[in-house]
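Take numbering that gives the first Met the number 0: the last position of the sequence shown gets the number 257, and nothing is skipped along the way.
For reference, the structure is listed below as structure tokens.
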Amino acid sequence: MLKGLMECAGIFEQKLLDQLVFNQNPNKVFIYIVNLAECKLNINPFLQCLAAEEQVQASKYYTDHLRRQYIISHGILRYILGYYTKQHPKDIIFSYGAYGKPFLKESNITFNMSHSHDLVGYAIALDSRVGIDIELHDKNLEVQELAHLVFTPTEYRFFTCLNGDAKVSFFYDIWTKKESLIKANGQGLSYPINTIETMGANTIALASKQNRYPKSWYCFPLRVKGDYSAALAIEHKINQIAYVEMHNHYIFNKIKIL
0 MLKGLMECAG IFEQKLLDQL VFNQNPNKVF IYIVNLAECK LNINPFLQCL
50 AAEEQVQASK YYTDHLRRQY IISHGILRYI LGYYTKQHPK DIIFSYGAYG
100 KPFLKESNIT FNMSHSHDLV GYAIALDSRV GIDIELHDKN LEVQELAHLV
150 FTPTEYRFFT CLNGDAKVSF FYDIWTKKES LIKANGQGLS YPINTIETMG
200 ANTIALASKQ NRYPKSWYCF PLRVKGDYSA ALAIEHKINQ IAYVEMHNHY
250 IFNKIKIL
């Protein structure tokens with residue numbers, strides 16, 4: 000039934016579904032990327048599967064463009080989670096942590112979502128808290144003024160050696176790592192991100208002496224097209240990232256294993 004629902008919603012090609020499984024492998028993460036500007040999905044199935052409070056939130060947007068983006072991005076999340084939890088997307092019930100992070104109370108499927116401009120990303124994991132962040136580069140952002148609020152001393156020294164666009168790219172690369180980490184932990188921007196050291200190793204966000212993380216988390220830059228930075232954070236070591244991509248403007252039909 001659920002495979003049929005996924006296909007009818009128009010977001011998955013049937014032959015791809017059997018590749019979207021964990022096979023009891025907790026060291027695997029699925030990353031779904033959607034460019035909403037290119038998305039030709041019919042909005043109605045996604046609107047119908049949203050919870051009442053989500054429909055109210057959608058109605059608050061003043062433009063059809065933003066309303067459509069909200070409905071499709073949150074509807075896709077429900078269809079993805081419905082596939083992994085074997086539920087109808089409309090039956091997905093979110094619980095919320097102390098800082099507002101949604102989770103599935105009676106499931107070992109964990110997830111996180113990020114939306115920036117036209118790009119939305121979803122991280123799906125098993126038995127491990129996970130966070131994802133995507134940010135469009137704003138070349139007009141005064142990154143120098145924000146540097147001390149974001150960087151540790153080590154990161155700041157590296158930042159000062161860069162020039163122009165390289166500074167902007169570095170800022171967003173570090174920001175997305177830290178944002179994905181605090182989203183995974185569930186604390187959001189209530190956490191002092193300039194105490195999180197991300198340059199200790201290629202894939203590990205190391206806790207500095209000043210911050211309150213009891214252990215190291217694993218942090219990976221993600222490959223996304225365009226002028227974006229993106230990162231994944233997860234509390235357990237993983238050995239595989241599977242990118243699920245949308246092609247032909249309306250359907251997920253390609254997967255890359257890294």
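By construction, the Cβ of each residue, glycine as well, lies at the ideal position given by its N, Cα and C atoms.
Query raised in the report: Under 8 Å between the Cβ atoms of I133 and S115?
Result: Yes, Cβ-Cβ distance for I133 and S115 is below 8 Å.
Query - Proximity below 8 Å, CB of T197 to CB of I173 - result: Contact: yes.
Requested in this report: Determine, using beta-carbon pairs with one atom in the stretch 67 to 78 and one in the stretch 33 to 53, whether at least three such pairs fall under 8 Å.
Outcome: Per the Cβ contact rule, the stretch 67 to 78 is in contact with the stretch 33 to 53 (3 or more Cβ pairs under 8 Å).
Query raised in the report: What's the C-alpha gap between S215 and D63?
Result: Distance from the CA atom of S215 to the CA atom of D63, rounded to whole angstroms, is 42 Å.
Query - CA nearest to the CA of N26, picked from N139, Y217, Y98, V223 - result: From the listed residues N139, Y217, Y98, V223, the smallest Cα separation to N26 is found for Y217.
Query raised in the report: Taking C-beta to C-beta, are C38 and I71 nearer than 8 Å?
Result: Yes, they are a contact pair.
Query - Close Cβ partners of V149 (< 8 Å) along its chain, the five nearest in sequence each way excluded - result: Answer for V149: F170, I173, W174, K177, I192, N193, listed in chain order.
**Report entry** Proximity below 8 Å, CB of F158 to CB of A146
**Finding:** One thing to note: F158 has its Cβ within 8 Å of the Cβ of A146.
**Report entry** Unbroken beta strand (DSSP E) run spanning E134, endpoints
**Finding:** For E134, the enclosing beta strand (DSSP E) starts and ends at 129 to 135.
Query raised in the report: Ends of the alpha helix (DSSP H) at F170?
Result: 163 to 184 is the span of the alpha helix (DSSP H), which, as asked, contains F170.
Query raised in the report: Can you tell me where the beta strand (DSSP E) with P191 in it begins and where it stops?
Result: Counting along the chain, P191 falls outside any beta strand (DSSP E), and DSSP gives it neither H nor E.
Query raised in the report: Taking K138 as the reference, which of S228, L103, T153, Y83 has the closest Cα?
Result: Minimum Cα distance to K138 is reached at S228.
Requested in this report: Have a look at S94, T84, Y69, A183 and flag the residue whose alpha-carbon is nearest the alpha-carbon of K104.
Outcome: Of the candidates S94, T84, Y69, A183, the one whose C-alpha sits nearest the C-alpha of K104 is S94.
Query raised in the report: For chain B, is any of its Cβ atoms less than 8 Å away from the one on A36?
Result: Of the protein chains in the structure, only one exists, and it is not chain B.
Requested in this report: Determine the DSSP secondary structure at N34, reduced to helix, strand or coil.
Outcome: Of the three classes helix, strand and coil, the one that applies to N34 here is strand, per DSSP.
Query raised in the report: Which same chain residues, not among the five before or five after P220, have their C-beta less than 6 Å away from its C-beta?
Result: For P220, same chain residues with a beta-carbon under 6 Å away, outside a window of 5 residues either side, are A230 in chain order.
Query raised in the report: When you compare only the Cα positions, how much space is there between K14 and L65?
Result: Between the C-alpha atoms of K14 and L65 there is a straight-line separation of about 32 Å.
**Report entry** 8 Å Cβ cutoff met for N107 and L125
**Finding:** In this structure, N107 lies near L125, with their beta-carbon atoms less than 8 Å apart.
Query raised in the report: N111 lies in the beta strand (DSSP E); which residues open and close that run?
Result: Unbroken beta strand (DSSP E) run through N111: 108 to 115.
Query raised in the report: For the alpha helix (DSSP H) that F45 lies in, which residues bound it at each end?
Result: Going by DSSP, F45 is part of the alpha helix (DSSP H) stretching over 43 to 48.
Query raised in the report: Between I240 and V20, which are expected to be in contact by the criterion C-beta below 8 Å, what is the C-beta distance as a whole number of angstroms?
Result: About 15 Å separates the two Cβ atoms, so there is no contact after all.
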